[in-house]
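Before any comments, here is the structure.
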Amino acid sequence: MKNVLIAAALFSVFGAHAEVKLANGDQFSPAMNDFLISLSDNYSRAQEVAQRRLGLTTSEADQLIAAVRNGRTFSSAADINSVFTSNGGSNNYGTDPTAYVKNQDYSKDKSSQSNRDKTQDQLISEKANQSDLSAELTKRDKSLSDEATDRKKADDKHDAALAGQEKRIDGVQSVANSAITQTEANAADVARLDAQKADKASMIKAQQQADDAWDYASENGVAIKKEGRLRSEGDAQTLKSANAYTDQKVNQLDGRIDDNRKRSSAGISSIAAMANIPQVSQSSTLSVGAGVGYYDSEQAIAVGFSTRIHGNIVTKASLSNNTQQELALGAGVSYEW
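When you line the sequence shown up against mature numbering (1 follows the signal peptide of the UniProt record, and there is no 0), it's residues -18 to -1, 1 to 319, in that order.
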């Protein structure tokens, strides 16, 4: 095994997740490495790891912690063991063949131990929460029990009062029932006779009402059927007339829109024809010309003349006709310098 120097300065540099390695790539055992790393956290944590992971006594753990914190360096496992032998101990840690492991074994063991530590911390936390929950449940159970006792006492008192009242009511009800039974027996005899008379009269009256209803329904059924047919025919005729009127107005509107479009297009073609008649040139005094125009399927033709009435004054007039048989006139004057 190669030499390695381990001192307290190591933990302030690498923190709680440092891994102490030998020069040949081997490491201290996971238990020993966790112990050395735990020194960067606190004394109690280091002492717990030394006892639980390394199997040291409290005294041996204190000796090893004190040696590392005092700057003791180790070049081999025998140096670690010497901490105990120099103080009368006999841990023989340095002769343990499992004191060093390969990197892959160390990583696996470290991960397993980390999971065990997390599980232990979680169990401690859950135990504390369960203790608080148990105390709260005990308190609530007592409160519910006291409330249930008080309610039962009140219910028992109320039930006793109801029992006495029900007993008195039963006595009165018994007398009343006897009287009612006798009265009902007498009334039943009278009712049977009256019912027989009433039934006969009701049957006669019901038959007469049924006959009257049949006659009325027969007469009114014919009238209602006829009125419904007439109303349906009238509504259909009204709807037909309304549709015809609407169609007529829509067609008239479409015609007016189409006429306006044609007249507008014809007017534009007239203006185009008049605008394209050339005016008199600088060297002439009078010119006569013609022009044509086309726009949106409408055509126009125009004639016009232009004269120079003075050296700098020019006049122009034109007339056009288009496919909508509409005339357009135009005239103008200009001054040149």
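Think of the CB as a built atom: it goes at the ideal place given N, C-alpha and C, for glycine as much as any other residue.
**Prompt:** In whole angstroms, what separates the C-alpha of THR297 from that of VAL285?
**Reply:** So the alpha carbons of these two residues sit roughly 15 angstroms apart.
**Minimum C-alpha distance to GLN262 - residue among SER125, GLY293, ALA43 and SER127** = According to the sequence as given, residue 262 is Val; it is not Gln. Looking at SER125, GLY293, ALA43 and SER127, the one whose alpha-carbon comes closest to that of VAL262 is GLY293.
**Asked** Which one or two residues does DSSP pair with SER300 in a beta bridge?
**Response** Beta-bridge pairing links SER300 to GLY286 and GLY312.
**Asked** Distance, Cα to Cα, GLU148 vs LEU119?
**Response** GLU148 and LEU119 have their C-alpha atoms some 42 angstroms from each other.
**Request:** Using alpha carbons as the reference points, say which of ILE295, SER266 and ASN303 lies closest to GLY275.
**Result:** Taking each of ILE295, SER266 and ASN303 in turn and checking the Cα distance to GLY275, the smallest one comes out for ASN303.
**Request:** Using three-state DSSP, classify GLN306 as helix, strand or coil.
**Result:** The three-state secondary structure of GLN306, taken from DSSP, is coil.
**DSSP three-state assignment for SER266, whether helix, strand or coil** = DSSP places SER266 in the coil class of the three-state scheme, outside both helix and strand.
**Asked** Opposite VAL232 in the DSSP bridges: which residues?
**Response** In DSSP, VAL232 forms no bridge with anything.
**Item:** Opposing strand residues paired with VAL274 [DSSP bridges]
**Value:** Looking at the DSSP assignment, VAL274 forms a beta bridge with ILE283.
**Prompt:** Which partner residues of HIS292 appear in the DSSP bridge assignment?
**Reply:** Residue pairing of HIS292 in beta bridges, as defined by DSSP: ILE295.
**Asked** Whose C-beta lies closer than 6 angstroms to the C-beta of SER288 among residues of the same chain, with five residues either side of it excluded?
**Response** Apart from the 5 residues on each side of it in sequence, SER288 sits with its Cβ closer than 6 angstroms to the Cβ of GLN261, VAL262, SER269 and LYS298 in its chain, given in chain order.
**Prompt:** Can you give the beta carbon distance from TYR277 to SER247, rounded, assuming they're within the 8 angstroms contact cut?
**Reply:** Contact check for TYR277 and SER247: beta-carbon distance about 5 angstroms, within the 8 angstroms limit, so the pair qualifies.
**Request:** Determine the extent of the alpha helix (DSSP H) in which ILE47 is found, giving its start and end residues.
**Result:** ILE47 -> alpha helix (DSSP H) spans 40 to 51.
**Beta-carbon contacts of GLY314 that lie in its chain and below 6 angstroms, excluding the five residues immediately before and after** = When the five nearest sequence neighbours on each side are left out, the beta carbons in the same chain lying within less than 6 angstroms of the beta carbon of GLY314 are those of LYS298, in order along the chain.
**Asked** What residues are listed by DSSP as bridge partners for TYR317?
**Response** Bridge partners of TYR317: ILE295.
**Item:** Assigned exposure category for LEU18 - 16 Cβ within 10 Å defines buried
**Value:** The Cβ neighbour count for LEU18, taken over all protein chains shown within 10 Å, is at least 16; the residue is labelled buried.
**Prompt:** On the three-state DSSP scale, how would you describe GLY210?
**Reply:** Residue state, collapsed to three classes: helix.
**Request:** Mark ASN6 as exposed unless 16 or more other C-beta atoms lie within 10 angstroms of its C-beta, in which case mark it buried.
**Result:** Only weak support is given to the placement of ASN6: the predicted model assigns it a pLDDT of 43, under 50, and the value that follows is read from those uncertain coordinates. Answer is exposed; the Cβ neighbour count stays below 16.
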